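The block underneath contains the structure these notes are about, expressed in structure tokens.
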Amino acid sequence: MIEVESITRVFKYNGISLPDPNPTLPIETVRSVYAHQYPELGSADVQSEIKGKKQIVTFQKVLGHKG
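Going by our numbering, the first residue of the sequence shown is number 9, and it counts up by one from there.
Put into structure tokens, the structure is as follows:
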């Protein structure tokens, strides 16, 4: 028998955990949703890893050069 387990997504940004607004949304859409509150997320890098029954998605600001 095959058993299906669900994975809970956890979003992290700048040391805080952000709730998953909708588990059916793609990660890129969630990033866009949170970009309204945190504008720098619009160009943030996304890293994802599975730990146990959680998918940890971390948004990281892209460091750029001025000038």
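Cβ coordinates follow ideal geometry from the N, Cα and C atoms, glycine included.
Every value quoted in this text rests on a predicted model; they were computed, and no experiment measured them.
Taking a 10 Å sphere around the C-beta of Leu26, we find 16 or more other C-beta atoms and assign the residue as buried. Taking each of Lys59, Lys62 and Arg17 in turn and checking the Cα distance to Arg39, the smallest one comes out for Arg17. The Cβ-Cβ distance between Gln63 and Ile15 falls below 8 Å. The C-beta of Val12 has fewer than 16 other C-beta atoms within 10 Å across all chains shown, which makes the residue exposed. In the three-state reduction of the DSSP assignment, Glu11 falls in the coil class, being assigned neither a helical nor a strand state. According to the DSSP assignment, Thr16 belongs to the beta strand (DSSP E) that extends over Thr16 to Tyr21. Spatial neighbours of Thr66 in its own chain (CB-CB distance under 6 Å, excluding positions within 5 residues in sequence) are listed in chain order as Lys20 and Gln55.
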